[in-house]
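Residue numbers (the numbering used here): 73 to 1067.
Don't be surprised by glycine CBs; every beta carbon is placed ideally from N, CA and C.
All values reported here derive from a predicted model rather than from experimental measurement.
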């Protein structure tokens, strides 16, 4: 008994001694420039205890003398401090150029960047906070090696993303988007950039194989924000600005327009005929002539331009306690395009909550709602290009005239935009709920359950009222389309992490299921006796039509991934995923997608000790794996039917019946497109990581392409969707970051991103119809073996025929000379050949960031080279033939051949383009894409104002482009004239304030 009491007394004395040594340690974390750093993790080494710095960079933690505090933050080198006799420990965190301590999202978990073996690139999302980004993908434009982002310049559009080239002929080439661990089926413009905490791009098979059948086009992981500071943080970020034309296609002014009409008459005159040259007669439209006499002209681009103002407002509240983390935000962006009627707005709400109910049980939900409003009808772009400078666009009362030259030739570009009504609204409600159990009986073992429901609904309504004007008798028309989508995803994830001496294991097991249902209904009505109720009275229309469609797809998945490190420098990753999908044939519902990767941190080897001060990091990575593409129609393998109509009966007693007709030939063997990828990379950091980067090579082969294979028509079909063909993508990527100057008050960093991709069709259908021993190309689709998917196939421009040249029959001086490719002395379809590719061979990005005390300045240049495209405006033939005959139609001011100006590159106005060839131009460009100037107010002033932080900024986008492309933007559309939307130069001023 006495011994038991003695043990109790000694234990109490020891406990008292221990707790008497524990004390409160306070301090502040700042960066190299002295700017406070909120959200820095402060952990007591070897324990689970820790905290984070608040928005002022301050922290407070209980610790004992001799314990070690570890300070860590994404993108910064971790610092370890020993607790001594002092009660205050301040730290200055230094940026880690290589970010070895950075934790990156890799899918179904996170991993230290040091241990990553696959191709994973983190996007700098911080720069989005001071730029006019309405779409998260804009943060990747030119800044991530191997990633291409294009949009058409219109507000509210999501644009197109392409990672490491096109890998499919008919299936989607879009990457998989993962938001907070869930498949994201909405538009990228649904996501508020202000809510994004991190964004990673997975590019090789090792990194993407965990998503199996969906990952052939790469994966983009987006993680939303959570609470960081113990003190509730209120943040408000807003900007407002305007857009102007950055570049428009040059059209003829009044004098140039008249001269073009004169030259057309000269070139089109018959031998011995005197051409009409006086203005009174060359203007065959009385409206144009009246405008000329009154000295009135119109500038097409000024006529359709509207005040392109834009504004953004984002308010968030966030924080964390010992058990709960929360982030609540609301945002609204309003953006008007350059062209009349073009506008978009987005309302976004987010609530992320995580609660640690017990030491071993955590639950949470990340929820999002967004509403995109694209209502309105913009001016007709094609009408802008053809608008005569002598057009009369309005009458005496200011009413818009439908035909500006009063000859029923072309419609006023603003007429439909002002006559019609449109309401187009899309909603997206999404949640990512989870439950996580950290089993207390076995350290490192955890289970997580994810459930991700998503509901989307939207409508597109259009109404044309009844009107009679200038010969137009419109009886009214209306269209209502309603769309609904519901999908869910469920996952069970088991993780086990264990370290045994020099061996570190990280095992992830997953089983999941998912479902997607879509439906759409459209109702149309034409010819109304009243338009009072607009689109809400379709039943009173004389002509009514209804359409409906639905789509249902399901899938199941199982995945295992093992990350293994030996001595912290030999890295191995093994992944296996098995997917089942309802979209493929009954004989191929399941597919297996394995991958393996290894890494070697050479710089950690003992033989590198002598050069470690100069070579801080040298890491080799190799990976190989298989991934799939299931982005096809869910009923492609089945015998789909459609209904055709027939009429029966005699005389006036006739009736209409319908009968089913097979739409396509079924194929029970239809399966995924499969991509096998090899990746080799070198990561390096030199001279205390002042120079660092990555060099990467990849080789991806995609087989079993989903294409229509021709079959004998005796089957009742001309083709059947099958798995045939092969595509290759090979490329090299380089990323270089440098710290040029690093002083207390001044710093300068630079970054260079380079990528090149060689895309090639290796095989198509395997047919050889002409028996020449060479596999056939597909001329109808423009696919050619040994060439990229997107190429220009056409006749080759070989100059302009001049007076005195030997002219082909029917040709005139000023007409286009075509190159005789096969040398047979005549121009035939066999003289067509590849005229460049439509995707760039090379992409380069170059950025610089400067800081001086509280001032920061950054600029970014984006460039692309090695691509060409047809420019439809350069062909004068459609606008000088029988339909237009040189009449009241404007056109591009790009010059043309005349006897006095014998151009060697532009044809005469009477050239009829008998071969139907196109004119091609280089789309190479260098663009000053982003410039941002910001000022962070000093801590002293901020505290006097009762704030946590205050920043003001000015940012410009698309400020100048150097290019030979005469279209509005070398990165935007070009296929039709309506694609040639003018590019915008945007300037905004903003305020970022927090309490």
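Simplified DSSP assignment, three categories, for residue i
i            : result
residue 703  : coil
residue 170  : Any answer about residue 170 is weak, because its pLDDT of 42 lies below 50 and its placement is not dependable; what the coordinates show is given next. Coil at residue 170, not helix or strand.
residue 583  : strand
residue 124  : strand
residue 675  : helix
residue 838  : coil
residue 1041 : coil
residue 352  : helix
residue 365  : helix
residue 288  : coil
residue 984  : coil
residue 961  : coil
residue 974  : coil
residue 929  : strand
residue 274  : strand
residue 766  : strand
residue 283  : helix
residue 791  : strand
residue 370  : coil
residue 486  : coil
residue 269  : strand
residue 718  : strand
residue 1065 : strand
residue 552  : strand
residue 311  : strand
residue 607  : helix
residue 296  : strand
residue 906  : strand
Option in the options with minimal Cα separation from residue i
i            : options             : result
residue 263  : 211, 710, 813       : 211
residue 288  : 239, 838, 326       : 239
residue 1029 : 930, 1037, 398, 807 : 930
residue 345  : 396, 337, 351       : 337
residue 1068 : 247, 885, 123, 862  : Because the chain spans 73 through 1067 in this model, residue 1068 falls outside it and cannot be assessed.
residue 611  : 653, 165, 550, 848  : 550
residue 571  : 662, 515, 1035      : 515
residue 138  : 214, 859, 158, 927  : 158
residue 913  : 420, 378, 804       : 804
residue 672  : 693, 720, 312       : 693
residue 825  : 458, 552, 235, 933  : 933
residue 799  : 1031, 233, 747      : 747
residue 407  : 444, 754, 398, 436  : 444
residue 706  : 627, 326, 458, 644  : 627
residue 96   : 648, 113, 109, 155  : 155
residue 177  : 208, 764, 279, 327  : 279
residue 253  : 216, 520, 754       : 520
residue 899  : 888, 639, 552, 908  : 888
residue 503  : 233, 424, 762       : 424
Short CB-CB distance (under 7 Å) between residue i and chain B
i           : result
residue 349 : Here chain B cannot be found, since the structure has a single protein chain.
For residue i: DSSP bridge partner residues
i            : result
residue 711  : Note: residue 711 sits in no beta bridge, so no partner.
residue 1034 : 998
residue 183  : 176
Distance cut-off 6 Å: residue i Cβ against heavy atoms of the ligand ATP
i           : result
residue 830 : Of the ligands one can find in the structure shown there are none, so the ligand ATP has no counterpart to examine.
Delimiting residues of the alpha helix (DSSP H) encompassing residue i
i            : result
residue 100  : No alpha helix (DSSP H) holds residue 100; the beta strand (DSSP E) holding it covers 94-102.
residue 1005 : Looking at the DSSP string, residue 1005 is not in any alpha helix (DSSP H); the run it does join, the beta strand (DSSP E), is 997-1008.
residue 153  : Element bounds for residue 153: not the alpha helix (DSSP H) but the beta strand (DSSP E), 151-154.
residue 330  : 326-340
N-terminal and C-terminal residue of the beta strand (DSSP E) that residue i is part of
i           : result
residue 525 : 517-536
residue 920 : 914-924
residue 115 : 113-116
residue 890 : 888-890
residue 233 : 232-235
Original post:
Enumerated in chain order, which unbroken segments of the alpha helix (DSSP H) with a length of 4 residues or greater are wholly contained in the region 388-463?
Top reply: 453-458
**OP:** Please specify which runs of the beta strand (DSSP E), each continuous and at least 3 residues long, are wholly inside the region 191-224, giving them in chain order.
**Re:** 192-194, 219-222
Original post:
Which whole runs of the alpha helix (DSSP H) in the region 635-670 are 4 residues long or more, in chain order?
Top reply: none
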